[in-house]
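Asks: Residue numbering for the sequence shown follows the working numbering, starting at -16 and increasing by one per position.
All C-beta atoms in this analysis are idealised placements derived from N, C-alpha and C, irrespective of residue type, glycine included.
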Amino acid sequence: MSAQAATSVGPTAGASLTLFSCFAGMGAGLVELSIASSYLSGRGNLMWAGGVFAAWGLALLASSIASLQRGRLRFRKPTTLALLAAVLVHLGFLVAGVAQRVLDGGHLAALFLVLMALGSSAWLARRYRDDGGAASAPPRAGALLGAAFAAAVVVAAITTPGLAASVAGAHAVPHGEHSLPGGHNH
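1. Leaving aside the five residues before and after A126 along the sequence, list all residues of the same chain whose C-beta is less than 8 angstroms from its C-beta, in chain order.
2. Do the CB positions of L56 and T142 come within less than 8 angstroms of each other?
3. In this structure, does DSSP put R84 in helix, strand or coil?
4. Is A65 helix, strand or coil by DSSP?
5. Can you name the start and end residues of the alpha helix (DSSP H) that L56 belongs to?
6. Does the stretch 30 to 48 touch the stretch 3 to 16, meaning 3 or more C-beta pairs lie closer than 8 angstroms?
7. Between which residues of its own chain and A49 is the CB-CB distance below 7 angstroms, once the five residues before and five after are set aside?
8. Out of W31, M9, G(-3), S24, state which residue places its alpha-carbon closest to the alpha-carbon of A151.
9. Assuming S(-1) is part of the alpha helix (DSSP H), what are its boundary residues?
10. Alpha carbon to alpha carbon, how far is A134 from L98? Give it in angstroms, no decimals.
11. Could you pull out every residue in the same chain whose Cβ sits closer than 8 angstroms to the Cβ of L29, ignoring the five residues on either side in sequence?
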């Protein structure tokens, strides 16, 4: 194995993992915002946590979108430290909830999404050699499209129940119950 192969990945694998990390970051950001809405809607003395989760969710969304725009993960070091802190925070909330015999689906989904973003980012940091933007070949479009679809499905499968576990999700109208006047369903 050459030194080059040990320090970099192919352009398709690197782009696919970047997409996965960004999608996981966006999903986590959305779930963090739903957690924030739950705390801000009046959970007593934890309303301050709503502001923290809202700021973190917005930061995750902004960082993920900026990374998608660039095609590489941006703000890697501060984001990695914040993701590690988020893992500890979500674990703390989950342990506190389990002690009260409650499993918070929002915190659980956010934990999984944060771990997915952290893991893929760490893998890219270890395997991808930043050579100043000179790419040897563009990623294969078909493979990248398949990877984007798979990443979106995996992230949506975790994000959706996390959003449903929020206060807003609890008050959402089930899809089968939407109707228009005159009996027309959509």
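Replies: Reading off the structure:
1. To locate residue 126, count along the sequence shown from 1; it is residue 143. Excluding sequence neighbours, A126 sits near T(-5), S(-1).
2. Here residue 56 corresponds to residue number 73 of the sequence shown, with the count starting at 1. Here residue 142 corresponds to residue number 159 of the sequence shown, with the count starting at 1. No, they are not a contact pair.
3. Within the sequence shown, residue 84 is the residue found at index 101, counting from 1. R84: coil per DSSP, three-state reduction.
4. Numbered from its first residue, the sequence shown carries residue 65 at position 82. Helix.
5. Position 73 of the sequence shown, counted from the first residue, corresponds to residue 56. Unbroken run through L56: none, as it is neither H nor E.
6. yes
7. Position 66 of the sequence shown, counted from the start, is the residue given in the question as residue 49. Cβ neighbours of A49 beyond the five flanking positions: R57.
8. Indexing the sequence shown from 1 puts residue 151 at position 168. Minimum Cα distance to A151 is reached at S24.
9. Taking the first residue of the sequence shown as 1, we reach residue -1 at position 16. First-last of the alpha helix (DSSP H) with S(-1): -6 to 23.
10. Here residue 98 is taken as the residue at index 115 of the sequence shown, counted from 1. Here residue 134 is taken as the residue at index 151 of the sequence shown, counted from 1. Rounded to the nearest angstrom, the two C-alpha atoms are 14 angstroms apart.
11. Walking along the sequence shown from the start, residue 29 turns up at place 46. Y22.
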